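Asks:
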Amino acid sequence: MIKYNKYIYKKNEIKDPKLRLLINHHAGGSSTTYFNFCNFFPENWDICFLDLPNRGIDFSEDFVRNRDELQNFVDKYLKNLNDVPLALFGHSLGGYISYEIAHQLSFQKENSLIWLGISATKPPNLIKKDVSLPEYLNSSEQLIKWMKDIGGTPDEFFNSSELLNLFLPVIKNDLTLFHNLNNNPIYFEKLKIPISIFSGMKDMKASPIEMSNWRNFTENEFSQNEYEGGHFYFQGKEKILVNSILNSLNKISISN
1 MIKYNKYIYK KNEIKDPKLR LLINHHAGGS STTYFNFCNF FPENWDICFL DLPNRGIDFS
61 EDFVRNRDEL QNFVDKYLKN LNDVPLALFG HSLGGYISYE IAHQLSFQKE NSLIWLGISA
121 TKPPNLIKKD VSLPEYLNSS EQLIKWMKDI GGTPDEFFNS SELLNLFLPV IKNDLTLFHN
181 LNNNPIYFEK LKIPISIFSG MKDMKASPIE MSNWRNFTEN EFSQNEYEGG HFYFQGKEKI
241 LVNSILNSLN KISISN
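Take full-length UniProt numbering: the final residue in the sequence shown is number 256, and no numbers are missing along the way.
(1) Please state whether DSSP places His179 in a helix, a strand or coil.
(2) Short check: CB of Gln235 to CB of Ile197, under 8 Å?
(3) Less than 8 Å between the beta carbons of Arg55 and Leu177, yes or no?
(4) In chain order, what residues of the same chain lie with their CB nearer than 7 Å to the CB of Leu168, ignoring the 5 residues before and after it?
(5) According to DSSP, which residues form a beta bridge with Gly200?
(6) Answer with buried or exposed for Ile97, where buried requires no fewer than 16 other C-beta atoms within 10 angstroms of its C-beta.
(7) Provide the residue span of the alpha helix (DSSP H) that contains Tyr99, from first to last.
(8) Out of Gln108, Pro194, Phe89 and Tyr233, which one is the CA nearest neighbour of Thr153?
(9) What is the rounded straight-line gap between the Cα of His25 and the Cα of Ser92?
(10) Are the segment 197 to 214 and the segment 114 to 126 touching by the rule of at least three beta carbon pairs closer than 8 Å?
(11) Among the residues of its own chain, which have a CB less than 7 Å from the CB of Tyr34, if the five just before and after it don't count?
(12) Spatial neighbours of Asn125 within its chain, please: C-beta separation below 8 Å, excluding the five flanking residues on both sides.
(13) For Pro194, I'd like the list of residues in its chain whose CB is within less than 6 Å of its CB, leaving aside the five on either flank, ordered along the chain.
(14) For the beta strand (DSSP E) containing Ser119, name the first residue and the last one.
(15) Here's a check: name, in chain order, each residue in its chain whose Cβ is nearer than 6 Å to the Cβ of Pro85, leaving out the five neighbours to either side.
(16) Relative to the C-alpha of Ser132, which candidate in Asn180, Leu164 and Asp16 has its C-alpha closest?
(17) Identify every residue that forms a DSSP beta bridge with Asp46.
(18) Would you mind working out which of Tyr227, Gly28, Asp75 and Leu249 sits nearest Asn173, comparing C-alpha positions?
(19) Let me know the secondary structure DSSP gives Tyr4 once reduced to three states.
(20) Could you tell me whether the Cβ atoms of Phe40 and Glu226 are closer together than 8 Å?
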């Protein structure tokens with residue numbers, strides 16, 4: 001992988017890409033979880049991966065914890081991605097981030113955004129505003145229990161005090177951002193681009209029925225894809241998910 005900028009990775013430098021797809025990671029995760037997706041996309045697509053601050057060895061910037069901080073981050077690091085047809089895909093927290101980016105780009109005069117893909121994320125609650133943090137953010141013990149319930153994290157992580165000390169603050173801050181985006185929404189006009197959603201049929205945090213409400217957030221086409229599995233339904237089955245993303249994007253006319 002090579003760096004597009006401080007927080008965006010890409011597999012290769014591609015001259016005149018047909019499309020750019022920006023993939024946004026889940027809470028507590030990083031872009032590395034999704035690098036394998038590159039193996040299944042067309043070679044003339046520019047596949048990019050966003051890392052929020054304080055992943056890996058870089059702890060040089062403040063965490064992103066709310067909408068204002070996210071918008072400032074997007075303005076600073078994503079402003080040059082809009083020169084070719086652009087698609088956004090995000091899993092869990094990454095779904096909210098992708099949705100927020102989509103609206104931020106919609107206010108720009110030059111906007112090349114053509115599609116939004118959201119995975120394992122319920123739509124934001126536009127009625128109820130709850131500023132109190134959920135119980136699983138009150139202590140490390142409650143957070144660990146929540147992570148075990150949701151699945152997707154290996155036991156080795158929970159058995160390592162070094163890993164817990166390093167990553168629990170990152171996870172807690174990401175989930176704080178997740179909560180703030182979900183429970184303190186501002187009213188946006190409906191998007192004018194297609195939205196596709198992707199969900200695990202056994203996901204207790206974002207069921208297919210709950211996710212179907214994303215259809216109310218676009219004036220354009222809406223499609224829903226369901227898979228066997230829970231919140232991290234795509235683990236070990238990345239090609240199946242990528243094929244669904246390809247099917248959605250291939251229905252859209254992309255000009256060179």
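Glycine residues also receive a C-beta, built at the ideal position from the N, C-alpha and C atoms. Here the structure is a predicted model, which is why all the values come from computation and not from measurement.
Replies: Considering the structure as presented:
(1) helix
(2) no
(3) no
(4) Ser140 and Leu143
(5) Tyr227
(6) buried
(7) Leu93 to Ser106
(8) Tyr233
(9) 8 Å
(10) yes
(11) Ile23, His25 and Phe49
(12) Asn182, Asn183 and Pro185
(13) Cβ-Cβ distances below 6 Å link Pro194 to Trp115, Asn220 and Glu221 in the same chain, with the five nearest sequence neighbours on each side left out; the list follows chain order.
(14) Leu113 to Ser119
(15) Leu19, Ser112, Ile114 and Ile254
(16) Asn180
(17) Arg20
(18) The residue with the shortest Cα to Cα distance from Asn173 is Gly28.
(19) strand
(20) In this structure, Phe40 keeps its C-beta atom at 8 Å or more from the C-beta atom of Glu226.
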